[in-house]
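Only one structure is covered here, and it is reproduced in the block below.
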Amino acid sequence: MIAVMEAKGLSKHFPTRRGLFGGSRGVVRAVDEISFAIERGRTLGVVGESGCGKTTTAKLVLGLETPTGGAIQFEGHDLATLDPPGRRRYRKSVQAVFQDPYASLNPRMRISAIIAEPLVTNEKTEATEVRRRMLELLDLVGLPERSADLFPHEFSGGQRQRIAIARALVLSPQLVVLDEPVSALDVSIRAQILNLLRSLQSRLGLSYLFIAHDLAAVAHMSHEVVVMYLGKIVESGEARALARAPMHPYTKALFAAALPSHPDERRDEPVLQGEVPSPLAPPSGCHFHPRCPHAMARCAQEAPRLRAVEGRQIACHLFD
Amino acid sequence: MANKLLSLENLSAHYVSQQGTRVVRAVDEVTLSLDAGETLGIVGESGSGKSTLALTMLRLLPQAGRIVGGRMMFEGENLVDKSEAEMRQVRGKRIAMILQDPMASLNPLFNIGDQVGEPLRVHEGASRSSAWQRAIELIRSVRIASPQTRVTQFPHEMSGGMRQRIVGAIGMSCEPRLLIADEPTTSLDLTIQAQYLDLLRELQRAHGLALIFITHNLGIVAKMCDQLAVMYAGRVVEQGPVSRVFSRPLHPYTKALLGSIPRMTEEREQLTAIDGQPPDLAALPAGCAFAARCPDAFDRCHVEAPPEFSVEPGRSARCWLAAPGVHRAAEQSIPLSRSAAS
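Sequence lines, in order, name chains U and P. Counting with the working numbering, you get residues 1 to 320 for the letters of the first sequence. Counting with the working numbering, you get residues 1001 to 1342 for the letters of the second sequence.
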């Protein structure tokens, strides 16, 4: 398997200032030494709660933030050392679809202009060719040709998300970052979009970085899943296996908190207590230890490293 | 009917434009009932009328909205006939409500103690100091640590999950008989949502409270509810006990909705998507509102809207396929079990 994109020890730390003149300087470790690879034609799902670093990870992958440590490798080259043409190629190869299709489409532009914009700014393409490509994409995402001359307000949420997908695909990218792509949509429309994304993946050989808080949707869409907690990966592995039998205490708690899909599945497992601590002052050792039902003395002192356990990666002292 | 806590009978609420030219039938001939201590889930997509139904029950419709027909019997009284002053005695005291965004339901300028104690002072004439003491107990009952210091704090000093607990404490302050929760956990993280749902269930058991969940999330219904009503285009298209509706949905819309949810441990290439869009409530089609998207629609569906057919005790569906006589044939032609739906 060829990795389209690989993150190696990737970190993003944001400095914080306190007081008017920026006295004591702290640091928020939004993403802390995470590593993952996304292979051609496959989907990597990222799950975790607010503040776990999944959005920062997406921004790093999209090149919207520069890492403070580690590296992103694209086609075997370090992104930081790429020459300008190489960086341009990277930006064309990695596109994004965001959560809110009401915010991500310019209300003053016609659909044809919205979809063609990446082509116009990135490539010297002839007008007839631009139009041909734009119509091809409309067809690909299941919208009629007449949509081209309309404005975003004339479309429903699901149709807008199709337009956003068409725009993301116009440059024939290799990797698409999907940041909560169906959370803003109605239940009956979500399945349409998830089905479309899956069929596009198999037709075009796309890779996805799929970020969502709906665990069942992530399990459905992904080949591999990484679970993050306060900037660190706590568990990663094959999606189905991980969803069926989570091993890290946090992953267990997270999946236990997921809602059942049938009333007969009602489980009365103990619910995880407490809240995610502030990333400004994360707990010592393993960040999860204050909420962990299995915490030992060691967990408060020493941060566990990711290690291979039964075909997946887990960062927990229970598996040493 | 006598021992029902709440029963809505053919309730309709419409929004009318200023000129009276546009009528949006947001809630149309809804018949529902709820026993004391029971939990009802009202499920629907945006624009299905579920939030308007919640506002109607509290008589809090915006100016353009009006109740155009039906009755709302609550503890033997018809809420539709009550004056505004009488309704104020019901809201917050006998029926309480929790909204989606806790920041919007809390006043940022008042401390938590005053806000939690306010209903007690208004409805029960409690003194400031006794309301303050009760507020501390209420905050403890929603499992917030060190309530003595929390009462003096302001909403911005709390996390989203904690704010939503405070809203729950305000709702519970006068020990209502019925609590209506409109998407109460949509803005919360997964583990915080689970904690909150547990808390609601605990409060319900402790006080014999009846709960109505207004939600688009079938998972919440599966976890929390006894009864389920599915709304589509302003109407209740199917209702019944949760486990029976989930195992054997009668209405094609319910069936499609259940088939469209990804499941954690099930390998499926494609989800059952529902094609098309929900209809415009101001221009509803002549027949069944779902007919245009329905895989099982036949000629009659496009001309004549189906009435509510009672299928078995406590179960009904607004679908011609559920009509007496048709029912048997429908059972054979439509996949009914959960596995067959995938």
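Each residue gets a CB set at the ideal place from its N, CA and C atoms; glycine is no exception.
Three-way DSSP call (helix, strand, coil) for residue i in this model
i: U/Ser222; result: coil
i: P/Ala1323; result: coil
i: P/Asp1101; result: coil
i: P/Ser1342; result: Here the model assigns P/Ser1342 a pLDDT of 34, short of 50, so the residue's position is not dependable, and the following value carries that caveat. Reduced to three states, the DSSP call for P/Ser1342 is coil.
i: P/Ser1046; result: coil
i: P/Ile1166; result: helix
i: P/Asp1028; result: strand
i: P/Gln1018; result: coil
i: P/Met1231; result: strand
i: U/Glu44; result: For the sequence presented, residue 44 of chain U should be read as Leu rather than Glu. In the structure shown, U/Leu44 sits in a strand (DSSP, three-state: E or B).
i: U/Asp179; result: strand
i: U/Glu275; result: coil
i: U/Arg244; result: helix
i: P/Leu1218; result: helix
i: U/Ala96; result: strand
i: P/Thr1056; result: helix
i: P/Lys1223; result: helix
i: P/Ser1007; result: strand
i: U/Gly157; result: helix
i: P/Phe1309; result: strand
i: U/Arg167; result: helix
i: P/Ile1334; result: Residue placement at P/Ile1334 is poorly supported in this model, since its pLDDT is 44, which falls under 50; the coordinates are not used for a value here.
Alpha helix (DSSP H) segment containing residue i, residue limits
i: U/Pro84; result: 84–93
i: U/Arg250; result: Rather than Arg, the amino acid found at residue 250 of chain U in this sequence is Tyr. 249–257 is the span of the alpha helix (DSSP H), which, as asked, contains U/Tyr250.
i: P/Gly1117; result: 1112–1124
i: P/Lys1255; result: 1252–1259
i: P/Gln1089; result: 1084–1090
i: P/His1302; result: 1299–1303
i: U/Ala138; result: In the sequence as displayed, the identity of residue 138 of chain U is Leu instead of Ala. Residues 127–140.
i: U/Phe210; result: Not the alpha helix (DSSP H): U/Phe210 falls in the beta strand (DSSP E), residues 207–211.
i: U/Pro118; result: 111–122
i: U/Thr16; result: Taken as a continuous stretch (DSSP letters only), U/Thr16 belongs to no alpha helix (DSSP H), being part of the beta strand (DSSP E) at 3–17.
i: U/Ala191; result: 187–204
Residue i vs residue j beta-carbon contact at 7 Å
i: P/Leu1179; j: P/Leu1228; result: no
i: P/Ala1292; j: P/Leu1250; result: no
i: P/Leu1005; j: P/Ala1036; result: yes
i: P/Glu1029; j: P/Ser1051; result: no
i: U/Val218; j: U/Val227; result: no
i: U/His225; j: U/Glu49; result: Here residue 225 of chain U is Val; the residue named in the question, His, does not match the sequence. Not closer than 7 Å, so no.
i: P/Val1142; j: P/Arg1163; result: no
i: U/Ser156; j: P/Ile1274; result: no
i: U/Ala7; j: U/Ile72; result: yes
i: P/Asp1198; j: P/Gln1100; result: no
i: U/Gly231; j: U/Gly53; result: yes
i: P/Thr1056; j: P/Leu1211; result: no
i: P/Tyr1015; j: P/Gly1070; result: no
i: U/Ala295; j: U/Gly285; result: no
i: P/Leu1061; j: P/Met1072; result: no
i: U/Pro152; j: U/Leu105; result: yes
i: P/Val1090; j: P/Leu1281; result: no
CB-CB length for residue i against residue j, believed under 8 Å
i: P/Leu1032; j: P/Gln1239; result: 7 Å
i: P/Ala1135; j: P/Val1116; result: 4 Å
i: P/Gly1168; j: P/Leu1188; result: That pair is no contact at about 12 Å.
i: U/Ala96; j: U/Val177; result: 4 Å
i: U/Pro327; j: U/Val170; result: Since the first residue of chain U shown is 1 and the last is 320, residue 327 of chain U is not available in this structure.
i: U/Pro279; j: U/Arg29; result: 7 Å
i: U/His34; j: U/Leu62; result: The sequence given here places Ile at residue 34 of chain U; His does not occur at that position. That belief does not hold up - the Cβ atoms of U/Ile34 and U/Leu62 are roughly 16 Å apart, past 8 Å.
Opening and closing residue of the beta strand (DSSP E) in which residue i lies
i: P/Asp1198; result: Premise fails: P/Asp1198 lies in the alpha helix (DSSP H), 1190–1207, not in any beta strand (DSSP E).
i: U/Val309; result: 307–309
i: U/Glu238; result: 232–238
i: U/Thr57; result: Counting along the chain, U/Thr57 falls outside any beta strand (DSSP E), though it belongs to the alpha helix (DSSP H) covering 54–61.
i: U/Ser104; result: No beta strand (DSSP E) holds U/Ser104; DSSP gives it neither H nor E.
Cβ neighbour criterion (16 or more within 10 Å) applied to residue i
i: U/Asp186; result: buried
i: U/Lys124; result: exposed
i: P/Phe1074; result: buried
i: U/Ile193; result: buried
i: U/Asp83; result: exposed
i: P/Asn1217; result: buried
i: U/Asp32; result: buried
i: U/Val69; result: It is Gly, not Val, that sits at residue 69 of chain U in the sequence shown. With fewer than 16 other Cβ atoms within 10 Å, it is exposed.
i: U/Arg298; result: exposed
i: U/Gln313; result: buried
i: P/Pro1147; result: buried
i: U/Ile2; result: exposed
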